[in-house]
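Asker: Sending over a structure as structure tokens; questions will come in a sec.
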Amino acid sequence: MSRVLEIVLSLSLEGWPVKAANRARGTQRDFGAELVRAWRICPQVRMRRGHERVTIEPCQVEEAEPSPGASWWTWVESNAHGRRVVASRTKAFAPGVTARELFDSEHAGIVVAMPLPVSEAAAAAEAGAATGEVDDAAPDTTGRPEVGIPPESSALRLVSERRRGRWADDSGVVVEMTLDDVTLHRGSEPPRRYVELRLTAPDWETLPARTAALHALFAAARELSGAWPAFVQLTSVIDRACAAEPPACGPVKAQLVDLTGVRTQRAALFALSGDITAQWLGNEGGVLEHDDPEFVHQMRVALRRLRTLMRFFPHFADRQWRDTLGVDLRWLASLLGTVRDWDVFATESLPALIAADGGDGEWNGTLDAARAQCAAARGELRQALHTARYARLTLGWLEWLSTLALPPAEGGDAPSLRRHATKRVRRLFGHLYASPSLTSLDTTARHQVRIDAKRLRYALEFFASLASRRTRTETVKTLARVQSVLGEANDTMIALHHLEKLAAPPYQLGFVRGYGAALEKRAARDAETLLASLRPPKLDGKPG
Numbered sequence: 001m002s003r004v005l006e007i008v009l010s011l012s013l014e015g016w017p018v019k020a021a022n023r024a025r026g027t028q029r030d031f032g033a034e035l036v037r038a039w040r041i042c043p044q045v046r047m048r049r050g051h052e053r054v055t056i057e058p059c060q061v062e063e064a065e066p067s068p069g070a071s072w073w074t075w076v077e078s079n080a081h082g083r084r085v086v087a088s089r090t091k092a093f094a095p096g097v098t099a100r101e102l103f104d105s106e107h108a109g110i111v112v113a114m115p116l117p118v119s120e121a122a123a124a125a126e127a128g129a130a131t132g133e134v135d136d137a138a139p140d141t142t143g144r145p146e147v148g149i150p151p152e153s154s155a156l157r158l159v160s161e162r163r164r165g166r167w168a169d170d171s172g173v174v175v176e177m178t179l180d181d182v183t184l185h186r187g188s189e190p191p192r193r194y195v196e197l198r199l200t201a202p203d204w205e206t207l208p209a210r211t212a213a214l215h216a217l218f219a220a221a222r223e224l225s226g227a228w229p230a231f232v233q234l235t236s237v238i239d240r241a242c243a244a245e246p247p248a249c250g251p252v253k254a255q256l257v258d259l260t261g262v263r264t265q266r267a268a269l270f271a272l273s274g275d276i277t278a279q280w281l282g283n284e285g286g287v288l289e290h291d292d293p294e295f296v297h298q299m300r301v302a303l304r305r306l307r308t309l310m311r312f313f314p315h316f317a318d319r320q321w322r323d324t325l326g327v328d329l330r331w332l333a334s335l336l337g338t339v340r341d342w343d344v345f346a347t348e349s350l351p352a353l354i355a356a357d358g359g360d361g362e363w364n365g366t367l368d369a370a371r372a373q374c375a376a377a378r379g380e381l382r383q384a385l386h387t388a389r390y391a392r393l394t395l396g397w398l399e400w401l402s403t404l405a406l407p408p409a410e411g412g413d414a415p416s417l418r419r420h421a422t423k424r425v426r427r428l429f430g431h432l433y434a435s436p437s438l439t440s441l442d443t444t445a446r447h448q449v450r451i452d453a454k455r456l457r458y459a460l461e462f463f464a465s466l467a468s469r470r471t472r473t474e475t476v477k478t479l480a481r482v483q484s485v486l487g488e489a490n491d492t493m494i495a496l497h498h499l500e501k502l503a504a505p506p507y508q509l510g511f512v513r514g515y516g517a518a519l520e521k522r523a524a525r526d527a528e529t530l531l532a533s534l535r536p537p538k539l540d541g542k543p544g
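By UniProt numbering, the letter at position 8 of the sequence shown is numbered 8, and the numbering carries on one by one without gaps.
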């Protein structure tokens, strides 16, 4: 049995040539081989020569003992040396960092339900394709494990071209590198390709050892991701296959985090940051691969929630946060905001304005120009997500967050969570409730009131499990309506600015200017009525 901490990076295939690179030879460049060549330049890296073909078939494990908070993933791994059973007990150490215990078939007490048998011919063909060095683990000579009912995931099969290496620096921690170029076969579905780099370091479960292991893992991830665009994965493709998870297909939204029983600010910050990380990275693939505006919107919401959360816990915003993460988060938020503004303009605001004007065809040119600007902004965002700066941002955030999973220093977490949350919520509410009459404010000042309402709403959603029933229902809904009412008017003003950038005809500018002014007045009156109905939030911690 081995115990490790693990980080998984997904290597993007975007921009990799699909045609032969050398017309004379007519051969296609091997993605994994090119990565290995690039990594060998790093003095800390030692890569094994060659690669091996590994077939992975998920199966089930009958647990000998319960594992609260952990998951058992089991698979049959076949290579040129034979077959072996691998059992893995995993637990999230921190977002993006997995604590994993690995067992193989040499250890007693592991009983699995095997997948449907593969034909001998197919197994021989796969084994014969292996080249170079192979995994030095002993093949399974104990015979076939007890056969049970094949699970639903038995139709899954992963075929990987695997390469191995090591990364080490002066700290003395050795990081094992496993590069898997995986083709996932799922029944009759078309095969899907994933390229993942798994980085593991020994987990000795002591504070100094874990601190050193985490530092080495993230240092290796930063250096190795410089060779090619890489994205942190919260779970590996092998774990997802063993869990029989379907491919993610929709936007990821914020989820309620139960803070009942949480007493410290540090623990609350860690729990809430985990949900924000899932929302942020969970929408990453959708932003890169799909044009659905909701992916960009949800990723932007995640960053807004993150910035609100750090304002709520300023004690933890250290120099690294302010000087590095804060700057890069504003850079990413600006890119997302630009795309979101053009998305709303092209898909919501402008069509609504055209309908209000009677649907005149003279708006078609403006609509086409808006869609072109939207596509251009989305392209810039996708390019940014493939940069080393974005990789450093995500890795820096996860490394900073992983330190919260370590034991805190004594006396560093006063006052208590409940007292701190109550004080901060009361301050946010007082600031919002004391706003001047919205009808007397200009556009910029009204927009700031909307931001204040949004921050209070996020705070109440963070601490919904500690709030009274009225606070988490009526108050949150009222704040959402304030945001919506003021947001509609603000979107119209943004539409006017976009029309000016597009050099729209004077008639269109005049129509939107007049329409927006009338909408602003109505929105100010409606939002003022809603704000007047707000009652002070109450964090009493009662679930009823």
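Positions of the beta carbon are idealized from the N, C-alpha and C atoms, including for glycine.
Closest to Arg222 by C-alpha separation, out of Arg389, Arg419 and Ala459, would be which residue?
Answerer: Along the sequence shown, one-based indexing puts residue 222 at 222. With distances taken between Cα atoms, Arg222 lies closest to Arg389.
Asker: Does Asp140 come out as helix, strand or coil in the three-state DSSP assignment?
Answerer: By one-based count along the sequence shown, residue 140 stands at place 140. Confidence is the limiting factor: at Asp140 the pLDDT is only 41, short of 50, which leaves the residue's position unreliable, though a coordinate-based value still follows. Correct three-state label for Asp140: coil.
Asker: Tell me, to the nearest whole angstrom, how far the beta carbon of Leu9 is from that of Val232; I am working on the premise that it is less than 8 Å.
Answerer: Start at 1 with the first residue of the sequence shown, and residue 9 comes out as number 9. Start at 1 with the first residue of the sequence shown, and residue 232 comes out as number 232. Rounded, the Cβ-Cβ distance is 6 Å, consistent with contact.
Asker: Among Val173, Pro191 and Arg166, which has the Cα closest to the Cα of Arg198?
Answerer: Stepping through the sequence shown from its first residue, residue 198 is reached at position 198. Residue Arg166 is the option with its Cα nearest to Arg198.
Asker: Mind checking Asp442: buried by the 16 CB within 10 Å criterion, or exposed?
Answerer: As a first step, residue 442 is located in the sequence shown; it is residue number 442 there, counting from the start. When all chains shown are included, Asp442 counts as exposed.
Asker: Count the other C-beta atoms from every protein chain shown that fall within 10 angstroms of the C-beta of Val175, then say buried if there are 16 or more, exposed otherwise.
Answerer: Numbered from 1 along the sequence shown, position 175 holds the residue referred to as residue 175. Under this definition Val175 is a buried residue.
Asker: List, from N- to C-terminal side, the beta strand (DSSP E) runs of 3 residues or more that fit wholly inside the region 141–210.
Answerer: With a minimum length of 3 residues, the continuous beta strand (DSSP E) runs that stay inside the region 141–210 are 156–168, 174–186 and 192–202.
Asker: Note the first and the last residue of the continuous alpha helix (DSSP H) segment covering Gly282.
Answerer: Position 282 of the sequence shown holds residue 282. Element bounds for Gly282: Gln265 to Gly282.
Asker: Determine the closest residue to Ser236 out of Pro247, Leu486, Pro251 and Arg426, with distance taken between C-alpha atoms.
Answerer: Indexing the sequence shown from 1 puts residue 236 at position 236. With distances taken between Cα atoms, Ser236 lies closest to Pro247.
Asker: With a threshold of 7 Å on Cβ separation, who are the neighbours of Phe295 within its own chain once the five nearest residues in sequence on each side are excluded?
Answerer: Mapped onto the sequence shown, residue 295 falls at position 295. If we look at Phe295 and ignore the five residues flanking it on each side, its Cβ neighbours are Pro251, Asn283, Gly286 and Val287.
Asker: With Phe429 and Pro537 assumed to form a contact (beta carbons below 8 Å), what rounded beta-carbon distance in angstroms separates them?
Answerer: Position 429 of the sequence shown, counting from 1, holds the residue named residue 429. Position 537 of the sequence shown, counting from 1, holds the residue named residue 537. Indeed, because the Cβ distance is near 6 Å, the residues count as touching under 8 Å.
Asker: Jot down the residue ranges of each uninterrupted alpha helix (DSSP H) in the region 275–359, minimum 4 residues, whole runs only, in chain order.
Answerer: If we require 4 residues or more, the alpha helix (DSSP H) runs fully inside the region 275–359 come out as 284–289, 293–312, 326–344 and 350–356.
Asker: Ordered along the chain, which non-local residues of its own chain (more than five positions away) have a Cβ less than 8 Å from that of Gly128?
Answerer: Counting from 1 along the sequence shown, the entry for residue 128 is found at position 128. Unreliable placement is indicated for Gly128, whose pLDDT of 43 sits below 50; the coordinate value is still reported in the next sentence. Excluding residues within five positions, the ones whose Cβ falls inside 8 Å are Ala80.
Asker: Applying the 10 Å Cβ sphere with the 16-neighbour rule, what's the burial state of Thr211?
Answerer: Reading the sequence shown from its first residue, position 211 is the one you call residue 211. Exposed: under 16 other Cβ atoms inside 10 Å.
Asker: Among Asp203, His297, Arg392 and Leu381, which residue has its Cα nearest to the Cα of Gly226?
Answerer: Start at 1 with the first residue of the sequence shown, and residue 226 comes out as number 226. Of the candidates Asp203, His297, Arg392 and Leu381, the one whose C-alpha sits nearest the C-alpha of Gly226 is Arg392.
Asker: Between the region 430–440 and the region 448–465, do at least 3 Cβ pairs fall closer than 8 Å?
Answerer: Short answer: they touch.
Asker: Would Leu184 pass as a contact of Arg163 if the rule is Cβ separation under 7 Å?
Answerer: The sequence position of residue 184 within the sequence shown is 184, counting from 1. The sequence position of residue 163 within the sequence shown is 163, counting from 1. No, these two residues do not count as a Cβ contact at 7 Å.
Asker: In the DSSP assignment, find the unbroken alpha helix (DSSP H) run with Val476 in it and report its ends.
Answerer: What you label residue 476 is simply residue 476 of the sequence shown in a count that begins at 1. Val476 to Lys501 is the extent of the alpha helix (DSSP H) around Val476.
Asker: Assess, as a yes-or-no matter, whether the region 338–350 is touched by the region 362–371 under the definition of 3 or more beta carbon pairs within less than 8 Å.
Answerer: Segments in contact, yes.
Asker: Between the alpha carbons of residue 547 and Asp526, how many angstroms are there, rounded?
Answerer: Because the chain is modelled from 1 through 544, residue 547 falls outside the range shown and cannot be assessed.
Asker: Measuring only the C-alpha atoms, how far is Val173 from Tyr194?
Answerer: Your numbering for residue 173 matches position 173 in the sequence shown. Your numbering for residue 194 matches position 194 in the sequence shown. Near 28 Å, if we compare the C-alpha coordinates of Tyr194 and Val173.
Asker: Note the first and the last residue of the continuous alpha helix (DSSP H) segment covering Ile451.
Answerer: Counting from one through the sequence shown, the residue named residue 451 turns up at place 451. Where Ile451 is concerned, the enclosing alpha helix (DSSP H) stretches over Thr443 to Phe462.
Asker: What separation, rounded to the nearest whole angstrom, lies between the Cα atoms of Gln60 and Ser71?
Answerer: The sequence position of residue 60 within the sequence shown is 60, counting from 1. The sequence position of residue 71 within the sequence shown is 71, counting from 1. Taking the straight line from one Cα to the other gives about 11 Å.
Asker: Helix or strand or just coil, what does DSSP make of Lys538?
Answerer: If you number the sequence shown from 1, residue 538 lands on position 538. Coil at Lys538, not helix or strand.
Asker: Rounded to the nearest angstrom, what separates Leu325 and Trp397 at their Cα positions?
Answerer: Locating residue 325 in the sequence shown gives position 325, where the first residue counts as 1. Locating residue 397 in the sequence shown gives position 397, where the first residue counts as 1. Those two C-alpha atoms are separated by around 7 Å.
Asker: Tell me which residues share the same chain as Ala38 and place their Cβ nearer than 6 Å to its Cβ, disregarding the 5 neighbours each side in the sequence.
Answerer: Locating residue 38 in the sequence shown gives position 38, counting from the first residue. Excluding residues within five positions, the ones whose Cβ falls inside 6 Å are Ala227.
Asker: Roughly how many angstroms separate the alpha carbons of Trp331 and Ser188, rounded to a whole number?
Answerer: Taking the sequence shown and counting its residues from 1, one reaches residue 331 at position 331. Taking the sequence shown and counting its residues from 1, one reaches residue 188 at position 188. Spanning the two alpha carbons is a distance of roughly 42 Å.
Asker: Go ahead and pull the three-state DSSP assignment for Arg3.
Answerer: Position 3 of the sequence shown holds residue 3. DSSP places Arg3 in strand when its eight states are reduced to three.
Asker: Could you tell me which residues DSSP pairs with Thr103 in its beta bridges?
Answerer: Position 103 of the sequence shown, counting from 1, holds the residue named residue 103. Residue identity differs from the one stated: residue 103 is Phe in this sequence, not Thr. Note: Phe103 sits in a beta bridge opposite Ala87.
Asker: So for Ser437, helix, strand or coil by DSSP?
Answerer: Position 437 of the sequence shown, counting from 1, holds the residue named residue 437. The answer is coil: DSSP assigns Ser437 none of H, G, I, E or B.
Asker: Output needed for Glu488: all residues of its chain with C-beta closer than 8 Å, excluding positions within five of it in sequence on either side, in chain order.
Answerer: Here the question's residue 488 lines up with position 488 in the sequence shown. Here the set comprises Leu519 and Ala523.
Asker: Excluding the 5 residues preceding and the 5 following Ser171 in the sequence, name in chain order all residues of the same chain whose CB lies nearer than 6 Å to its CB.
Answerer: What you label residue 171 is simply residue 171 of the sequence shown in a count that begins at 1. Ala212 and Ala216, listed in sequence order.
Asker: With distances taken from CA atoms, which of Ser484, Thr492, Ala271 and Pro43 is nearest Ala94?
Answerer: As a first step, residue 94 must be located in the sequence shown, where it is residue number 94. Minimum Cα distance to Ala94 is reached at Ala271.
Asker: With DSSP as the reference, label Leu256 as helix, strand or coil.
Answerer: Here the question's residue 256 lines up with position 256 in the sequence shown. Reduced to three states, the DSSP call for Leu256 is coil.
Asker: Nearest-angstrom Cα distance between Thr90 and Gln44?
Answerer: Within the sequence shown, residue 90 is the residue found at index 90, counting from 1. Within the sequence shown, residue 44 is the residue found at index 44, counting from 1. So the two alpha carbons sit approximately 28 Å from each other.
Asker: If you draw a straight line from the C-alpha of Leu456 to the C-alpha of Pro314, how long is it?
Answerer: As a working note, residue 456 is residue 456 in the sequence shown. As a working note, residue 314 is residue 314 in the sequence shown. Each residue's alpha carbon lies about 16 Å from the other.
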